[in-house]
Amino acid sequence: MKNITRIFTLIGLLLFSGCGQKDNGTIMTVKGPITAGEMGITLTHEHILVDFIGADSISDKRWDKGKVIEKALPFLMQVKKHGCRTFIECTPEYIGRDPFLLKALSDSSGMNIITNTGYYGAGNNKYLPRHAYTETADQLASRWIKEWESGINGSSVKPGFIKIGVAGDTLSELHRKLVIAAARAHLKTGLTIASHTGPAVPAFEQLDILREEDVAPEAFIWVHAQSEKDISNHVKAARMGAWISLDGLNDNNPEEYVKMISNMKENKLLNKVLLSHDAGWYRPGEADGGKFRGFATLFEKLVPMLKKEGFSEKEINQLLITNPANAFAIKIRKL
Ligand SMILES: [Zn+2]
Numbered sequence: 112m113k114n115i116t117r118i119f120t121l122i123g124l125l126l127f128s129g130c131g132q133k134d135n136g137t138i139m140t141v142k143g144p145i146t147a148g149e150m151g152i153t154l155t156h157e158h159i160l161v162d163f164i165g166a167d168s169i170s171d172k173r174w175d176k177g178k179v180i181e182k183a184l185p186f187l188m189q190v191k192k193h194g195c196r197t198f199i200e201c202t203p204e205y206i207g208r209d210p211f212l213l214k215a216l217s218d219s220s221g222m223n224i225i226t227n228t229g230y231y232g233a234g235n236n237k238y239l240p241r242h243a244y245t246e247t248a249d250q251l252a253s254r255w256i257k258e259w260e261s262g263i264n265g266s267s268v269k270p271g272f273i274k275i276g277v278a279g280d281t282l283s284e285l286h287r288k289l290v291i292a293a294a295r296a297h298l299k300t301g302l303t304i305a306s307h308t309g310p311a312v313p314a315f316e317q318l319d320i321l322r323e324e325d326v327a328p329e330a331f332i333w334v335h336a337q338s339e340k341d342i343s344n345h346v347k348a349a350r351m352g353a354w355i356s357l358d359g360l361n362d363n364n365p366e367e368y369v370k371m372i373s374n375m376k377e378n379k380l381l382n383k384v385l386l387s388h389d390a391g392w393y394r395p396g397e398a399d400g401g402k403f404r405g406f407a408t409l410f411e412k413l414v415p416m417l418k419k420e421g422f423s424e425k426e427i428n429q430l431l432i433t434n435p436a437n438a439f440a441i442k443i444r445k446l
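Letter 57 of the sequence shown, counting from 1, is numbered 168 in this note's numbering, and no numbers are missing.
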């Protein structure tokens with residue numbers, strides 16, 4: 112009898128967690144998993160620290176974690192006051208990704224912070240380690256999968272998405288390899304792929320590569336999509352299923368964002384838009400970490416402007432809460 116009860120409880124739990132997965136999904140923060148429903152208002156593309164010294168010279172000895180926290184924490188607290196609960200840190204390895212720093216900041220701010228795995232090929236490949244040139248896509252993918260399984264650089268911190276970077280109108284073989292590695296790592300981990308892309312041509316090229324690898328466009332975030340001036344391409348990529356990340360918001364450009372978001376709304380694609388500032392960040396090597404740009408324009412300027420344009424509370428929540436949860440939910444998206 113006891114065993115039967117136990118079996119029924121187990122079946123119940125399995126069904127329950129299975130349903131939760133379907134409706135909600137799991138998100139991986141630097142402090143471990145949360146449900147997508149716990150994400151709340153989310154900034155989907157920001158930075159705490161970026162070091163452009165290059166893959167051959169970078170080391171976390173170049174910054175004092177205490178000083179970075181002192182500098183960045185007030186900016187996190189500022190958006191926390193606006194209701195933001197989750198901060199997605201998009202700095203890849205070899206440009207200043209620091210899991211220990213991010214975990215400490217998550218502890219001191221009380222916010223969810225999410226970091227990534229993957230390599231950034233843009234910037235003339237200056238941020239790629241030597242082994243990225245010689246290893247196969249499968250070898251690179253297995254490095255990223257290992258971080259997902261065992262944590263990053265000896266920490267307990269696991270990546271919450273895959274971040275890659277490509278450049279150019281036609282992707283080089285090296286950059287194609289990064290995309291293939293990301294696709295294969297996605298199929299093993301369910302981590303969403305956010306790719307520093309810019310214009311539409313390489314965005315569609317990457318979607319083609321993903322298709323060849325059996326990965327659905329829903330697994331792909333077109334990062335810096337605002338760089339594409341023909342906004343009909345946002346619609347085209349979103350109709351395919353890709354996420355359109357409009358992530359260069361600053362105090363001088365909210366009007367442009369209202370236009371781009373309204374275009375998506377007119378095409379009934381508000382459910383595919385992600386918004387952020389690509390702001391921050393502490394700059395090692397500069398006095399006091401240089402000038403730090405905050406993350407509040409979205410809350411202080413853009414949201415009031417959208418409301419003025421007739422966007423409902425529900426539509427704003429779609430942009431700031433529902434879309435990030437759906438985009439970053441860990442789930443294998445196979446064709
Ligand atoms: Zn960025």
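C-beta: ideal position from N, C-alpha, C; glycine also.
Just so it is clear, the structure is predicted and the values come from calculations on it, not from any experiment.
Tell me whether Ala336 sits in a helix, a strand or coil according to DSSP, three-state version.
One-based indexing of the sequence shown puts residue 336 at position 225. Residue state, collapsed to three classes: helix.
Taking C-alpha atoms, which residue in Asn437, Lys288 and Lys402 lies nearest to Leu381?
Within the sequence shown, numbered from 1, the residue matching residue 381 stands at position 270. Cα-wise, what sits closest to Leu381 is Asn437.
For Ser343, which option in His388, Lys379 and Tyr393 has the closest C-alpha, if you only look at C-alpha atoms?
As a first step, residue 343 is located in the sequence shown; it is residue number 232 there, counting from the start. Answer by Cα proximity: Lys379.
First and last residue of the alpha helix (DSSP H) that includes Lys191?
Residue 191 sits at position 80 when you count from the first residue of the sequence shown. Start and end: Lys176 to Lys192.
Count the other CB atoms within 10 Å of the CB of Asn264; is the residue buried (16 or more) or exposed (fewer)?
As a position in the sequence shown, residue 264 is number 153, starting the count at 1. It counts as exposed.
From the DSSP output, in three-state form, read off Glu157 for me.
In the sequence shown, residue 157 corresponds to position 46, counting from 1. Three-state DSSP puts Glu157 in a strand.
Helix, strand or coil for His307 per DSSP?
If you number the sequence shown from 1, residue 307 lands on position 196. Secondary structure of His307 (DSSP, three-state): strand.
Backbone CA spacing between Asp134 and Ser168 [nearest angstrom]:
As a position in the sequence shown, residue 134 is number 23, starting the count at 1. As a position in the sequence shown, residue 168 is number 57, starting the count at 1. Low local confidence applies: a pLDDT of 49 at Asp134 is under 50, so the model's placement there is unreliable, with the coordinate-based value given in what follows. Distance between the alpha carbons of Asp134 and Ser168: 44 Å.
Roughly how many angstroms lie between the CA atoms of Leu282 and Gly232, to the nearest whole one?
One-based indexing of the sequence shown puts residue 282 at position 171. One-based indexing of the sequence shown puts residue 232 at position 121. Looking at the two C-alpha atoms, the distance is approximately 10 Å.
Close beta carbons around Val326, own chain, < 6 Å, minus the five adjacent residues each side:
For the purposes of this step, residue 326 is identified with residue 215 of the sequence shown, where counting begins at 1. Correct list, in chain order: Ala294 and His297.
Beta-carbon proximity of Gln250 to Ala407, cut-off 8 Å:
Reading the sequence shown from its first residue, position 139 is the one you call residue 250. Reading the sequence shown from its first residue, position 296 is the one you call residue 407. With contacts defined as CB atoms closer than 8 Å, Gln250 and Ala407 fail to qualify as a contacting pair.
Can you grab the Cα-Cα spacing for the pair Lys299 / Ile332, in whole Å?
Indexing the sequence shown from 1 puts residue 299 at position 188. Indexing the sequence shown from 1 puts residue 332 at position 221. Roughly 18 Å between the two C-alpha positions.
Drop a sphere of 10 angstroms on the beta-carbon of Pro144, count the other beta-carbons inside from all chains shown, and report buried for 16 or more, exposed for fewer.
Indexing the sequence shown from 1 puts residue 144 at position 33. Counting the other Cβ atoms within 10 Å of the Cβ of Pro144 gives fewer than 16, which makes it exposed.
When every heavy atom of ligand 1 is checked, does at least one fall within less than 7 Å of the C-beta of Asp162?
For the purposes of this step, residue 162 is identified with residue 51 of the sequence shown, where counting begins at 1. No, since every heavy atom of ligand 1 falls outside the 7 Å radius drawn around the Cβ of Asp162.
Can you list, in chain order, the residues of its chain whose CB lies under 8 Å from that of Leu69, leaving out five sequence neighbours each side?
The structure shown does not extend to residue 69, since the chain is modelled only from 112 to 446, so the question has no answer here.
What is the DSSP secondary structure of Thr245, counted as helix, strand or coil?
To locate residue 245, count along the sequence shown from 1; it is residue 134. Helix at Thr245.
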